[in-house]
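Visitor:
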């Protein structure tokens, strides 16, 4: 396996951006389950919406010409022949001098070409006095006003949001063809990792965090997670798991096993695949330097650092929106703000640092303070409000400087 | 029933803001299911994290004093007595002049008080040459560095995000006490509404949209939806449904049945409850004027307009974040931007209008255009990119004016 040189953040982003969206097969889902999915074919409507002429208002369906000349001091009397509520089928057609009461949304009788609003009427026994002249078409919703039969209502590759579900529902559509969610397999590696089912921890063992946290983070990007649990740091175990998931995944995310120590297995297992193309092996960032990104049998593979804080931070900064791009999910917009630094912050020269910070108010002003623990502690992430970026060449950020904080 | 006068948007917002968070009972959920829930009691850790002394780096665990004086041209030789991988239990304690290899995260042997990084070592057969002097404590993660046994890790009323799940997982916690989700019952009313299961629509009937769209929108606020489906516009039907859901809901949302026409049932049913307190009946907005907000048997009740575009628009503008406040869910931050108006826009004087608009590029510049259909058409919402707010007293917005667009 060819190990590439450590690359910059910019190069890393460029490589990720060069990967095109994964094209998955189609599947049919219920309209309700289609929320936030990508429609896989143009969808025409089989009906007009509405498919009958209806009233936009509560009022009286009339022949507009009958109302000409009506004013407050010149009431025109019409015979009331029917009351039509929403959902009713009109039973009578209008003749000259007649009207029918129509509720909002109700079908209007044949021959009617306008609605006089209730506000401009005075109902007598069997008659209605009209005080407002209307032009033909007033408050009538014509057939196909909303959607025309045969028109493509939703185009292929559209993200289905609530308004899209609304318009599909209005056309009576129950099921939608969408692209399948890309499958992301998640493997957590490490002999030290123990499930929360175990009550007493031996020396050397720690509870597994990445399985549950990364799984949740990945799920939130609109992909389907295939979770393999913790795999032992043994060549055969990891190789077998890899072989398995290569069959049925689009993307594989492995946490742990990326640094250069004797116990690190990820790169050794990758070495034994012929058709592997390592795109990235090492990024000049802190935390997350040993990250690996590769193409293997047409699948994409990430190896994230094992420390949960490093893994989650790399995930948020680089992989979250990458997976959303792959699934077609709405991208996460990261809220950020310039804030004054409240205490000197140190950084490692030669690495672009994503430094966890908290925001505290001092002397009535919000200021940035560094989190003192590092990526070895999950509490770092827990106590941080966000992060600041520190350039490769900066070693110190002075108190009083302004920095942009990216909030989690 | 006392009908109140139509109120302004500001008054409506103030009334909603005056409602305090619903306090629900507790329930125990798995750590994984606790995402975005509110923890209902202080949670202390039963263990130290880590519960053993471990190495932050790949390197050699040493007695720091043994390395004093080590430099590149003054290598100090130590006897290598053991290799400890992450997860291993150290078998040997160090004596003066000895060291053990330790992987990142591995437990370190007794008596060791510092780690020399691999980079500053040269491994021989059974010995290691050290080129770097370290002070006691270097690269050792002490017991309780991350979390101290007995310390409250997560305080009551905290929203559980991914980092919180991470820290709870690291303490071996499998289940968490959280507040139950408030139960929101949703009723769609209207004799004209028909399920998508029906293939052929009669005259007067339309497919029900609110059931599926509002249900989804409500679900997204972190509450539990109790969905009753479409209820007929008959007094007994609606009264029975209301009586039912009052028992087992915290909030009731009814769509349809709010305007003043003969067919409107919501207010008539409300009248017959003694213990009802109508807080709002009518807001000077378009769309959504007839909205009702009431307290009934200590439950909260909204009646939204029946037109799906009105209902969804009222929901987004007023109720979305209100429900999130009730459930403790993260509020929705609405993205907005000032853009130039590309075409004259008309509005009704006397109502604060939330006008659906689309953004189109004309002459290389993005501009605001009004959607020509109104709230009677679900396509209005579908084609809109967002909305602009138009003050009660404005009747015309001229082309060339700048307006803030709130994106959906």
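Chains as they are written, first to last, in our numbering: chain F, 1 to 408; chain E, 1001 to 1408.
Note that beta-carbon positions come from the ideal geometry of N, C-alpha and C, so glycine has one too.
Please state the DSSP three-state secondary structure of residue 1302(E).
Guide: strand
Visitor: Go through its chain and collect everything with a Cβ distance to residue 1276(E)'s Cβ below 6 angstroms, but skip five positions before and after it.
Guide: 1270, 1294, 1296
Visitor: Tell me which residues of the region 1008–1034 of chain E have at least one Cβ-Cβ distance to chain F shorter than 8 angstroms, keeping chain order.
Guide: Those would be 1031, 1032, in chain order.
Visitor: Compare the C-beta of residue 1238(E) with all C-beta atoms of chain F and state if any pair is closer than 8 angstroms.
Guide: no
Visitor: By Cβ distance, which residues of its chain are closer than 7 angstroms to residue 1383(E), with the 5 residues on each side in sequence left out?
Guide: 1358, 1371
Visitor: Would the region 83–99 of chain F count as touching the region 33–40 of chain F if we require 3 or more Cβ pairs under 8 angstroms?
Guide: Verdict: no, contact absent.
Visitor: Taking its Cβ as the centre, do 16 or more other Cβ atoms sit within 10 Å of residue 1323(E), making it buried, or is it exposed?
Guide: buried
Visitor: Am I right that residue 241(F) and residue 227(F) are in contact with their C-beta atoms under 8 angstroms? What's the rounded C-beta distance?
Guide: Contact doesn't hold; Cβ gap of about 12 angstroms is too wide.
Visitor: In chain order, what residues of the same chain have a beta carbon less than 8 angstroms from the beta carbon of residue 69(F), not counting five sequence neighbours either side?
Guide: 76, 133
Visitor: Would DSSP call residue 1329(E) helix, strand or coil?
Guide: Here residue 1329(E) sits in coil by DSSP.
Visitor: Please specify which runs of the alpha helix (DSSP H), each continuous and at least 4 residues long, are wholly inside the region 1176–1234 of chain E, giving them in chain order.
Guide: 1210–1219
Visitor: Leaving out five residues before and five after residue 1027(E) in sequence, what residues of the same chain have Cβ atoms less than 6 angstroms from its Cβ?
Guide: 1180, listed in sequence order.
Visitor: Is it right to say residue 157(F) is buried, meaning 16 or more other beta carbons lie within 10 angstroms of its own, or is it exposed?
Guide: exposed
Visitor: Quick one: measure Cβ to Cβ for residue 74(F) and residue 93(F), integer angstroms, because I've assumed they're closer than 8 angstroms.
Guide: 27 angstroms between Cβ atoms; not a contact.
Visitor: So the alpha helix (DSSP H) residue 106(F) belongs to, where does it begin and stop?
Guide: From DSSP, residue 106(F) is part of no alpha helix (DSSP H); its letter is neither H nor E.
Visitor: I'd like to know whether the C-beta of residue 381(F) is nearer than 8 angstroms to at least one C-beta of chain E.
Guide: yes
Visitor: Which stretch, first to last residue, makes up the beta strand (DSSP E) that contains residue 401(F)?
Guide: Residue 401(F) -> no beta strand (DSSP E), and no H or E assigned at all.
Visitor: Counting C-beta neighbours from all protein chains within 10 Å, is the total for residue 184(F) 16 or more, i.e. buried, or is it exposed?
Guide: The residue is buried, with at least 16 neighbouring Cβ atoms inside 10 Å.
Visitor: Tell me which residue opens and which closes the beta strand (DSSP E) that residue 86(F) is part of.
Guide: No beta strand (DSSP E) holds residue 86(F); DSSP gives it neither H nor E.
Visitor: List the endpoints of the continuous alpha helix (DSSP H) containing residue 127(F).
Guide: Looking at the DSSP string, residue 127(F) is not in any alpha helix (DSSP H); the run it does join, the beta strand (DSSP E), is 127–130.
Visitor: Between the alpha carbons of residue 1182(E) and residue 78(F), how many angstroms are there, rounded?
Guide: 52 angstroms
Visitor: With respect to 7 angstroms, is the separation between the Cβ of residue 374(F) and the closest non-hydrogen atom of the ligand ZN below this value?
Guide: Questions concerning the ligand ZN fall outside what the structure shown contains, since it holds no ligand whatsoever.
Visitor: Pull up the distance between the alpha-carbon of residue 337(F) and that of residue 403(F), whole angstroms please.
Guide: 8 angstroms
Visitor: Whole angstroms are fine: how far does the CA of residue 1254(E) sit from the CA of residue 1243(E)?
Guide: 13 angstroms
Visitor: List the whole-angstrom C-beta distance separating residue 178(F) from residue 48(F), where the pair is believed to meet the contact cut-off of C-beta under 8 angstroms.
Guide: At roughly 25 angstroms, the Cβ-Cβ gap does not stay under 8 angstroms, so residue 178(F) and residue 48(F) are not in contact.
Visitor: Check for me: the alpha helix (DSSP H) holding residue 268(F) runs from which residue to which?
Guide: 266–271
Visitor: Counting only Cβ pairs nearer than 7 angstroms, list the residues of chain F close to residue 1056(E).
Guide: 376
Visitor: Assess contact between the region 363–381 of chain F and the region 1016–1024 of chain E, defined as three or more Cβ pairs (one per stretch) separated by less than 8 angstroms. Is contact present?
Guide: Between the region 363–381 of chain F and the region 1016–1024 of chain E, the count of C-beta pairs closer than 8 angstroms stays below three; the two stretches do not touch.
Visitor: Residue 419(F) by DSSP, collapsed to three states: which one?
Guide: Beyond the ends of chain F as shown, which are 1 and 408, falls residue 419(F); an answer cannot be given.
Visitor: Using a cut-off of 7 angstroms between C-beta atoms, extract the partners of residue 147(F) located in chain E.
Guide: Neighbourhood of residue 147(F) in chain E, by CB distance below 7 angstroms: 1379, in chain order.
Visitor: Compare the C-beta of residue 1106(E) with all C-beta atoms of chain F and state if any pair is closer than 8 angstroms.
Guide: yes
Visitor: Should residue 1176(E) go down as buried or exposed, given a rule of 16 or more other Cβ atoms within 10 Å for buried?
Guide: buried
Visitor: Let me know if residue 395(F) comes out buried or exposed under the rule of 16 or more other beta-carbons within 10 Å of its beta-carbon.
Guide: exposed
Visitor: Just reading off the alpha helix (DSSP H) that residue 1016(E) is part of, what are its end residues?
Guide: 1009–1017
Visitor: Note down the Cα distance separating residue 1001(E) from residue 1350(E), rounded to an integer number of angstroms.
Guide: The predicted position of residue 1001(E) is uncertain, since its pLDDT is 48 and thus under 50; a value taken from the coordinates is nonetheless stated next. As the crow flies, the alpha-carbon of residue 1001(E) is around 26 angstroms from that of residue 1350(E).
Visitor: Could you give the residue range of the alpha helix (DSSP H) that holds residue 165(F)?
Guide: 162–170
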